[in-house]
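In what follows, a single structure is set out as structure tokens and then discussed.
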């Protein structure tokens, strides 16, 4: 029996919060507004608190009571067992105090009458409601990621009939064997095979690589990829759930559903602490009732209630969320957005980082890295003429050449008679010279740039030079990798790029290993293979092709400069895509987990030390009893300590 949907819990939270405020004021208002509080008699204040808390406990807290009963029936104690037991003890004890106001022993009364603990019940119920709503919102992000993936495929396809006519039809009506036309700037609706001509297809959503791929007749094309130039016809082969895009959607969904939830530290502790507290409370009640001389059963009841109140998980419930909220806020200031609080726990214990290349370690876009000229033409003039000819092209290589010329302040000349052939290059007349750019001939290499894309430039039919373009490393990538390795992470690069390019980057950064020519499904398989070896895996990436691996990893980290799908699938997002932020994220996660462990210690230190006193174990020797009032004070003190310790994270140096 899970908790109801957020839409059901949210109204309960609003009502509970509105009713908790006056309960807290009446219970603790004497500390800051005594004159106003004294307008109500203790008895009137008590009944008002009872009325408001009854609504909070039984209506707003109804889902938790059901979970409490389920845990009791199935003997599976958890945080809800301890929460409802503690808040229930405070509520029913306080209700009994209202009904039997004058019959309590004098030592259990103050000058305001019998102490009440309605505020503990109201406040804890409201806090737990808030925590459950935030947790459900984290799970809802999975659905958003899957919807973003599915939106990549168009809803309409241009089908060509047997008579050559073209009709727009829903993608659902496409069958294998249909002939489809794709216009420039459109995404492909289904998987298929190019039947004639050539095409420039942007497959970055699958491979992560920024350069369009030239497709010739007979080459396979995939749904969701982008046609960059020209119009072409292809034959549908795989449609619906059989497309590669649909399979990626399935991988993301399956990975999220099969991923074991990270158990909260408080739940793990509650598994043994709850039965121990219940046993101590029962023994206290029976021992006083059977062996105390006078009013033994009443003293047994009060001391048993004191045991449950001092063990009430106010500090325990705050230990984890307060540290997480503070740490999340500190991370946001440092460019680390934590979308799933559980990701911080996973990151703190990770020992392997699988990291994407393009857009993560590198800038993800080609840049001019080298120019070689032939004859008397200098490099600047060659670049100026090439950029002038490419100024009308939208190809990524063309944009890189134009950007390089503009960055160097070179004035571009008008281009006339522009012509572009997919896969063949462009040509244009610039200053009465015919300038042509195309991929360098097969076998032509620059030894100093083994992984670069080479563009050959000819002027008036004569070879003028070669421009080398490559994806370059992000600033600070090397120092970030070194620091991550110092922190104990084994770093392995996973890339869809060819082996030579991947090896060059791995050697340049001193990585612990690399995988090249990897498909999206293979990336997810690699995550699972490392996990099967007992490694706790972090995956960092920025593209659609990384989404399955991000979902399958113990924690996924997305670059803020990447795709929406990657950011939906990840638990953490690095706002600027800065690798230094990845180092800060690791430091943050370890500091937060250290803070949570400290908080859990203090949460239990007060409560555990007070349990013998609350049970009356020292009464035969010292005559000391811990009334529910002091039990509540100890509970509050532990909460204050936990909050103060968590707030230290605001000053954390990252």
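In UniProt numbering, the protein residues as written are 1 to 654.
Positions of the beta carbon are idealized from the N, C-alpha and C atoms, including for glycine.
So, residue i versus residue j, is the Cβ gap smaller than 8 Å?
i           : j           : result
residue 368 : residue 401 : yes
residue 189 : residue 202 : no
residue 361 : residue 473 : yes
residue 97  : residue 52  : no
residue 363 : residue 471 : yes
residue 95  : residue 47  : no
residue 477 : residue 579 : yes
residue 16  : residue 125 : yes
residue 196 : residue 221 : no
residue 514 : residue 521 : no
residue 172 : residue 24  : no
residue 595 : residue 649 : yes
residue 531 : residue 538 : no
residue 451 : residue 504 : yes
Alpha carbon to alpha carbon, what distance is there between residue j and residue i?
i           : j           : result
residue 429 : residue 519 : 41 Å
residue 191 : residue 240 : 9 Å
residue 285 : residue 100 : 19 Å
residue 569 : residue 343 : 12 Å
residue 352 : residue 383 : 43 Å
residue 663 : residue 591 : Past the boundaries of the shown model lies residue 663; the chain is included only from 1 to 654, so the question cannot be answered.
residue 389 : residue 243 : 38 Å
residue 183 : residue 214 : 16 Å
residue 497 : residue 332 : 32 Å
residue 13  : residue 58  : 13 Å
residue 584 : residue 550 : 19 Å
residue 516 : residue 490 : 17 Å
residue 365 : residue 408 : 18 Å
residue 350 : residue 338 : 16 Å
residue 326 : residue 274 : 27 Å
residue 469 : residue 181 : 32 Å
residue 256 : residue 552 : Only weak support exists for where residue 256 lies, its pLDDT of 47 falling under 50; the coordinates are left without a value.
residue 128 : residue 61  : 9 Å
residue 308 : residue 7   : 32 Å
residue 733 : residue 441 : Only positions 1 to 654 of the chain appear in this structure, which leaves residue 733 out of reach.
residue 187 : residue 525 : 27 Å
residue 69  : residue 83  : 12 Å
residue 20  : residue 11  : 14 Å
residue 405 : residue 176 : 46 Å
residue 375 : residue 459 : 11 Å
residue 616 : residue 277 : 14 Å
residue 587 : residue 414 : 53 Å
residue 645 : residue 322 : 9 Å
residue 231 : residue 416 : 23 Å
Which one of the options has the shortest CA to CA distance from residue i?
i           : options            : result
residue 174 : 158, 164, 184, 187 : 158
residue 217 : 223, 200, 224      : 200
residue 659 : 198, 456, 161      : Residue 659 is absent from the structure shown; the chain starts at 1 and stops at 654.
residue 573 : 347, 502, 508      : 347
residue 481 : 511, 119, 507      : 511
residue 340 : 453, 554, 447, 437 : 554
residue 303 : 611, 645, 646      : 611
Can you tell me whether DSSP reads residue i as helix, strand or coil?
i           : result
residue 416 : strand
residue 345 : helix
residue 12  : helix
residue 546 : helix
residue 56  : helix
residue 650 : helix
residue 663 : Residue 663 lies beyond the range of the chain shown here (1 to 654); nothing can be said about it.
residue 487 : coil
residue 427 : strand
residue 461 : coil
residue 262 : The pLDDT assigned to residue 262 is 35, lower than 50, so where the model puts this residue is not dependable; a value taken from the coordinates is nonetheless given after this. Three-state result, residue 262: coil.
residue 120 : helix
residue 66  : helix
residue 311 : coil
residue 474 : coil
residue 556 : strand
residue 320 : helix
residue 331 : helix
residue 445 : coil
residue 339 : coil
Flag residue i as yes when its Cβ comes closer than 7 Å to any non-hydrogen atom of the ligand NAP, and as no otherwise.
i          : result
residue 95 : Absent from the structure shown: the ligand NAP. Ligands present: none.
If you scan the stretch 500-535 from start to end, which runs of the alpha helix (DSSP H) of 4 or more residues do you find wholly inside it? 520-532
Mind pulling the beta strand (DSSP E) runs of 3 or more residues that sit fully within the stretch 346-392? 352-356, 362-373
Could you give the uninterrupted runs of the alpha helix (DSSP H) lying entirely in the stretch 560-604, keeping only those of 4 residues or more? 564-569
What are the start and end residues of each continuous beta strand (DSSP E) run of 3 or more residues lying completely inside the UniProt domain "P-type ATPase A" (152-253), in chain order? 156-160, 166-170, 179-182, 191-194, 198-202, 213-216, 226-229, 232-238
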